[in-house]
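One structure is given below, encoded as structure tokens.
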Amino acid sequence: MNENLNDEKDIRLGDLLAGAEQPTTTSNDVIRSHVALMARTVVEQDRQPRKRRAAIIAAILAPTLLLGTAGAAYAASTINWGQFWFNAPEWAAWANEPDAVLTYTLPGGGTCEMRIGKVSYNPDPNRPADVMADPRAESTARDFLRTNDVAQHVNIDAAIAKLRATAENSARDDDGKSVPFGKGTPNYNADVEYNIAMKDAVLQAVTDHVQSLGVPTTGLSFQSQEQCHGEQR
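For the sequence shown, my numbering begins at 595 and goes up steadily by one.
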């Protein structure tokens, strides 16, 4: 595989108000993508390095949030953590027959169920000529999800470390101002961090598997939906 290809992750976020889907490019878009009601994850390869743009996002977010240890960082935060979580009363239609189901426990003790599916292959026809795409990516990813315990393949610690290395995580505070959040800032919520990292870890696991078989991940996409219980906002 061409070593110049940069296997970064793009998110194509469904704008529920405008009914449009556009790629995100800034850190604020990364955060907005994590709080959107509907989103689509697209794995692409590109020639030029780009900032981390995000990872797996809930197609319809339906988790709840529980603070890790109810510490002072949460109490002092000016961010409404509820913006990262949405409650959908029902699973999306595709999630009734998912390709994989993953359950995990948040740092504060809350539990989440993530359903993954709707795998598709739709490479950009205008991509650079040396960016390879292969329709086998769809079946390879789907087979991996259906025949493996995804929980055994995710590296949540690595995903958290990568998330913390992102220099520009920001969100809107109660006054509508953009403020930094995450470990080492006054605005830190362990459960929000863990849930975002879990999406990243799942995407990384799928990507690693597909690429390990010599299949490029350009144009590969899938959706997820999670429902969590035990929130503290």
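Virtual Cβ for every residue (Gly too), placed ideally from N, Cα, C.
| Asked | Found |
| --- | --- |
| Would you call the CB atoms of Leu-757 and Glu-787 closer than 9 Å? | yes |
| What residue range does the alpha helix (DSSP H) around Ile-710 cover? | No alpha helix (DSSP H) holds Ile-710; the beta strand (DSSP E) holding it covers 705–715. |
| Whole angstroms are fine: how far does the CA of Asn-720 sit from the CA of Leu-700? | 41 Å |
| In this structure, how does DSSP classify Leu-696 when only helix, strand and coil are distinguished? | strand |
| Which two residues bound the contiguous beta strand (DSSP E) that contains Ser-806? | Here Ser-806 belongs to no beta strand (DSSP E); instead the alpha helix (DSSP H) covers 784–806. |
| Can you find a C-beta in chain D that's less than 9 Å from the C-beta of Leu-739? | Looking for chain D here will not work: only one protein chain is present. |
| For Val-773, which residues does DSSP report across the bridge? | Ala-765 |
| Considering only their Cβ atoms, is the gap separating Phe-775 from Ala-784 smaller than 9 Å? | no |
| Could you tell me the alpha carbon to alpha carbon distance between Ala-687 and Asp-728, rounded to whole angstroms? | 28 Å |
| Buried or exposed: Asn-690, going by 16 or more other Cβ atoms within 10 Å of its Cβ? | exposed |
| May I ask you to report which of helix, strand or coil DSSP gives Ser-815? | strand |
| Using three-state DSSP, classify Glu-820 as helix, strand or coil. | strand |
| Got a sec: does the ligand NAD put a non-hydrogen atom nearer than 8 Å to the Cβ of Gln-746? | Absent from the structure shown: the ligand NAD. Ligands present: none. |
| Give the straight-line distance between the Cα atoms of Asn-674 and Gln-817, rounded to the nearest whole angstrom. | 26 Å |
| Identify every residue that forms a DSSP beta bridge with Ile-673. | Asp-767 |
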